[in-house]
Amino acid sequence: MIQTSSIIKLDNVVLTLNSGAGPVEILKGISLDIKKGETVGIVGPSGSGKSSLMSLMTGLEQPTSGDITVAGLDMGACDEDRLALHRRDHIGIVMQAFHLIPTMTALENVAVPLELAGNSAAFDRAARELELVGLDHRLDHYPAQLSGGEQQRVALARAIAPEPDLLFGDEPTGNLDKNTGHAIIDLIFDLQKSRGSTLILVTHDPALADRCNRVISMDDGRITDDTGDTASITTDGTIKALFEE
Amino acid sequence: MNQLSHNMRLPVSLRFALRELRTGLKGFRVFMACLILGVTAIAAVGSLTQAIKEGLLSEGQAILGGDIEVSMFRSDISDEQRIWLSGQGILSQSTRMRTMARSQVGESTLVELRSIDRLYPLYGEFLTSPPLSNDALFAKRDGVWGTVIETALASRLNVGVGDTLDVGTIKISIRALINKEPDKANLGFQLGPSVMVYNAAMIEAGLKATGSLIDHYYKLKLPADVDIKTWREAADKRYPDERWSIQDSSGAAPGMRRFINRMSMFLTLVGLTALVVGGVGVSNAVKGYMDRKTKTIATLKILGASGNSIFMIYFIQVIMLGLIAIAIGLIAGAMLPDILILFLPDSLPISPEQGIYPQALFMAAFYGLLITIAFTTWPLGKARDLPAVRLFRALVAPDKQKPRTIYQVVVYGAALMVVALAIVLADNIALASGFIAGALISLMLLRGTSSIIEKIARKMPRPKNALRRLALANIHRPGSATSAVVISLGLGLTLFAGLALIEGNMARELNDQVPERAPAFFFLDIQKYQIDDFKKETLSIEGVDGFESVPSLRGQVTHINGTLVDELEVSSDFRWVIRGDRSLSYNDQEPKKSPVVKGDWWPVGYDGPPEISIGDEAATGLGINVGDTMTITILGREITFRVRSTREINWGGMGLNFVIMLDPNVMKAAPHSYMVTIRASGEAEGRAYNQLTKAFPAVTAIRVKEVLDKVNTMLVQIGTAIRATSLVAIVAGVFVLAGAIAAGFQQRVYDAVILKVVGAVRSQILRAYLLEYFVLGFITAVIALFLGSLAGYMVIVQVMDMKFTILPVPMIITVFVSLGITITFGLMSSIKSLAVRPNQVLRGE
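One line per chain: the protein sequences are X and R, in this order.
Using this note's numbering, you'd call the opening residue of the first sequence number 6 and step up by one each time.
Using this note's numbering, you'd call the opening residue of the second sequence number 4 and step up by one each time.
See below:
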């Protein structure tokens with residue numbers, strides 16, 4: 006259920022990165038307000054700045070200018086450690102390449118954020134999350150022993166185990182086949198619904214964007230369209246047209 | 004390990020570290036090998052030193068020959084003192100002097116003649132072949148005293164049990180050969196083999212004439228309830244001004260102790276150098292490991308791990324593995340001395356006390372830990388600040404070059420502690436500081452040179468030949484083996500080359516230069532009435548020239564400027580001037596080879612107050628100048644001399660030099676003997692020796708060649724020990740090189756695959772790699788030779804005041820070793836990389 010209070014607020018945020026050829030403006034004055042409980046799809050062609058926007062919102066990057074507040078924290082005023090702690094307590098991220106720790110089992114991977122938070126029941130919780138994603142029979146398997154879909158389930162379990170306020174997905178089905186990808190997405194949305202987290206997905210997949218109640222379109226570092234919190238988006242409307250460009 | 008890593012009572016960093024370690028030691032083998040090697044070397048040196056010292060301590064009474072030893076050099080104690088000592092416990096008297104022993108067929112040689120009494124030895128076992136009692140060995144039988152001799156003397160004079168020797172004016176019958184003299188280690192350096200007789204035989208031989216160089220020893224066995232320290236205090240109080248020397252069993256064999264301490268210091272420093280070389284390998288291994296962990300670190304940061312947690316997770320792993328390596332090194336280091344003692348039982352003059360020496364092991368462990376911290380904290384500190392966004396994109400902006408200040412402080416602090424410990428614990432602080440400074444400068448120069456090589460390679464015009472281009476690129480590309488080869492292998496080779504050049508130059512000095520400058524013989528104890536005849540006899544021998552004689556007598560410095568010498572703080576390099584008896588001389592004329600530096604020489608016919616001339620360096624070392632006074636006891640009389648002049652003395656000239664010369668007036672009338680040097684070579688040398696020792700049997704002849712041989716033997720043994728330890732540094736360098744080459748293996752595979760795809764055959768690719776390693780090996784050898792030669796020059800010229808020559812053999816060996824190691828390891832890895840099938844790489848398998 007969407008609430009009226011903001012959980013992410015960006016105000017004229019600019020992100021400039023250095024390259025060998027000189028500075029490159031990745032994001033050019035982004036302003037955004039995401040409410041608690043929203044499911045947001047961020048779409049756009051390659052190089053539009055969607056992953057960079059997600060990096061800002063998760064505290065992996067800091068803006069060159071502008072203000073960004075996530076779950077009550079002014080991200081621009083924090084150092085790396087403070088941002089890490091904030092992610093631990095409020096943010097879950099599911100990444101395209103899964104990024105499981107190869108030297109830890111599935112159970113241990115899921116337990117990591119809980120252990121970092123000092124949760125004494127970390128392993129019990131982790132086991133429950135893995136059961137929830139259908140991997141209770143793979144607790145002691147290492148990532149190398151799991152299929153791509155299984156690895157992404159572990160990554161998802163790890164992301165939601167701390168019960169974050171915010172759940173981010175950066176092309177979560179990018180490395181998966183179609184069927185597996187659908188299954189993962191169903192899982193993501195089910196978990197979002199049951200936990201009431203705010204969900205932000207960066208995606209190329211129109212079907213995935215379609216399932217979100219808000220779609221933000223980006224191009225060349227700017228927001229070109231923002232459907233807001235509306236149920237009137239149709240698949241053969243604006244969104245599909247975006248992907249056909 | 005699983006249960007431990009899930010134990011929520013443990014800190015989270017420790018849990019994560021244990022999980023990482025579950026996967027094995029891949030990437031840490033070089034790390035551990037380097038640490039094990041360095042710690043083993045230091046632990047072994049320390050343990051062996053302690054074992055020898057403990058042996059000295061436990062055998063202290065036997066080595067000293069008593070609980071207390073009272074010694075007088077060149078004079079004897081008074082009857083009153085003898086009576087007093089006799090009342091203190093069981094007293095055994097002995098003497099020692101150098102003299103000539105002659106066989107019945109006329110062969111003679113210099114010997115250490117020891118006279119003893121029935122009570123010898125008070126402690127320890129005196130073993131002979133055949134085993135006989137003291138009376139059976141030494142007592143007079145049928146008018147002939149008995150003797151026992153060392154096997155070396157028996158071989159030299161071709162005599163055995165039953166034969167007779169002439170010593171002084173008597174004949175002595177060889178009744179046995181010496182198997183073990185329990186107090187031999189306390190005798191120090193001996194110019195000749197031992198011959199032992201009873202005290203009465205020494206007197207009868209007429210060798211105790213006034214002016215003879217006889218040392219007197221009184222060994223005391225105290226009652227069990229007497230405290231040695233208290234006894235010494237009582238003796239000092241009773242005889243406060245006595246010039247005798249008192250030693251107790253805890254300080255037996257002081258000369259050997261000094262030698263052991265000095266050797267131990269050098270070997271420890273060399274071992275530390277090996278540990279530092281290994282430290283580079285440790286650092287490379289950790290850096291490589293952290294590079295491979297980039298994704299994991301970024302993932303952990305995304306999941307909420309702080310920088311401190313990241314640092315701790317990997318620091319714990321490094322320390323745990325470091326401690327395991329140190330433990331293995333300690334075990335190996337503790338066992339090595341026992342193995343050495345087993346295989347080389349006769350290499351040491353005393354029996355080392357086998358055992359575990361915690362202090363030595365603790366120091367080795369501490370050094371190992373400090374090196375681990377010093378060389379791993381930097382890459383760990385840098386990893387701590389790895390940004391989490393690294394997971395999503397490679398940063399275009401370069402990583403920070405330096406970690407946070409706190410980590411830099413830890414690195415430099417640990418390094419400083421290593422240096423400080425090495426200096427503070429050293430036997431000679433100046434020498435240790437010089438060694439460490441040399442090693443640090445070499446390390447910095449090597450590091451700088453490695454960067455310069457990479458820069459030059461980068462800027463060089465690109466060769467037209469693709470394979471040569473590859474070889475050049477491999478020298479400067481990120482992750483190349485250049486710094487590992489130049490720094491680690493370079494430092495080990497620098498040490499090796501430096502030590503080889505120092506040893507080679509010293510040997511050259513001893514074997515070539517010294518014999519050229521040195522006389523063939525020193526003749527001592529030529530009495531006043533004999534000197535003219537001696538000169539006449541010498542000059543009558545064909546082929547002999549360079550006859551030089553000086554008057555000689557003995558004295559002991561007691562005061563400088565009115566202060567007792569025992570109370571003076573003097574430079575350790577010149578303490579020998581005021582320690583024990585000194586040879587003194589006088590001359591009407593200023594010695595040509597020893598010109599005056601300050602003051603002036605006496606005018607002819609001087610008859611003023613007593614004055615001396617002293618060596619200029621010794622004067623500086625003792626803190627005295629022209630006008631100061633020095634009190635010397637000569638023939639029982641204390642005479643206070645004014646310093647009239649200081650002289651330059653060239654000890655390396657091997658002539659008759661005296662640090663103190665008296666004015667001609669003081670001693671002309673006093674009883675004294677003469678010292679003579681003679682130059683002769685080839686057959687004339689043998690003729691001179693035979694003729695003069697026959698004509699003057701009581702005169703002591705020292706053959707310089709024999710002394711040089713002895714010194715040479717010692718030098719070779721010392722050099723072997725030091726070079727063996729320096730090989731450890733080279734082995735450490737080899738480990739580092741192997742690690743660096745292994746780290747670049749994937750890149751080699753990729754290069755090889757691409758080259759094969761475009762048509763290169765394996766031999767072509769191998770030639771490119773061979774060129775690369777040849778260039779690296781050759782440059783490293785050149786740098787090592789330069790730095791080693793510089794170090795050798797500083798030591799030989801500045802410290803030892805000798806002439807330095809670049810010697811070809813050590814240089815050739817250094818070049819070959821460098822090339823051999825670099826090419827061998829490089830090609831081994833390259834051949835392996837060529838064996839990988841192209842499809843494996845191209846399909847990303």
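Ideal placement from N, C-alpha and C gives every residue a C-beta, glycine not left out.
Counting only runs of 3 or more residues that sit fully inside the region 206–236 of chain R, the beta strand (DSSP E) segments are 218–224, in chain order. DSSP places R/Trp-654 within a helical segment (H, G or I) once states are collapsed to three. If you check the CB distance, R/Ala-683 and R/Gly-546 come in under 8 Å. When C-beta distances to chain X are compared with 7 Å, the residues of the region 285–302 of chain R below that value are Lys-298, Thr-299, Thr-302, in chain order.
Here R/Glu-641 is bridged, per DSSP, to R/Thr-636. In the three-state scheme derived from DSSP, where H, G and I count as helix and E and B as strand, R/Ser-74 is classed as strand.
Annotated three-state conformation of R/Met-805 is coil, per DSSP. Interface annotation, R/Ile-305: in contact with chain X, CB-CB separation under 8 Å. About 7 Å separates the beta carbon of R/Gln-750 from that of R/Gly-482, a gap short enough to meet the 8 Å contact definition. Considering only X/Thr-69, X/Ile-98, X/Gly-64, X/Gly-97, the residue with the shortest C-alpha distance to X/Arg-87 is X/Gly-64.
The three-state reading of DSSP puts R/Leu-51 in helix, counting H, G and I together.
When Cβ pairs closer than 8 Å are counted between the two stretches, the region 89–104 of chain X is seen to touch the region 163–175 of chain X, the count reaching three or more.
Using a CB distance cut-off of 8 Å, R/Gly-310 counts as an interface residue toward chain X.
The region 701–788 of chain R contains, as complete alpha helix (DSSP H) runs of 4+ residues, the segments 707–746, 748–760 (chain order). Counting only the Cα atoms, R/Asp-528 lies some 13 Å from R/Leu-587. In the three-state reduction of the DSSP assignment, R/Tyr-292 falls in the helix class. In the structure shown, X/Asn-23 falls within a strand segment according to DSSP collapsed to helix, strand and coil. DSSP assignment within the region 148–219 of chain X yields the following whole beta strand (DSSP E) runs of 3 residues or more, N-terminal first: 171–175, 203–207.
Per DSSP, R/Glu-614 lies in no alpha helix (DSSP H); the unbroken beta strand (DSSP E) holding it starts and ends at 614–618.
According to DSSP, R/Glu-115 shares a beta bridge with R/Arg-101, R/Ser-197.
If you look at R/Asn-182, you'll find it in the beta strand (DSSP E) that goes 173–183. Contact between the region 77–93 of chain R and the region 12–32 of chain R is absent: fewer than three C-beta pairs spanning the two stretches fall below 8 Å.
Each of R/His-562, R/Gln-559, R/Ile-544, R/Asp-536 was checked against the Cα of R/Ser-552, and the nearest Cα belongs to R/Asp-536. At a cut-off of 8 Å between C-beta atoms, R/His-479 does not count as an interface residue with respect to chain X. DSSP, reduced to helix, strand and coil, places R/Pro-464 outside both helices and strands of the structure shown, so it counts as coil. The shortest C-alpha to C-alpha distance from X/Leu-192 to any of X/Leu-213, X/Asn-180, X/Val-207, X/His-209 is the one to X/Leu-213. Note on geometry: alpha-carbon atoms of X/Leu-119 and R/Ala-308 lie some 11 Å from one another. By the CB criterion at 8 Å, R/Ser-648 and R/Ser-616 fall inside the cutoff.
Excluding sequence positions up to five before and after X/Ile-96, its CB lies within less than 7 Å of the CB of Thr-63, Pro-169, Leu-171, Phe-173, all in the same chain and listed in chain order.
Taking 3 residues as the shortest admissible run, the region 475–551 of chain R contains the following complete beta strand (DSSP E) segments, listed from N- to C-terminal end: 524–530.
Take the alpha-carbon of X/Val-29 and the one of X/Thr-69: they are about 11 Å apart. Contact of X/His-104 with chain R is assigned, a C-beta pair being separated by under 8 Å. For R/Arg-25, a Cβ of chain X is located within less than 8 Å of the residue's own Cβ. Under the Cβ criterion of 8 Å, X/Arg-92 is counted among the residues facing chain R.
The Cβ-Cβ distance between R/Leu-270 and R/Thr-728 falls below 8 Å. Under the DSSP assignment, R/Gln-250 falls in the beta strand (DSSP E) whose first and last residues are 248–251.
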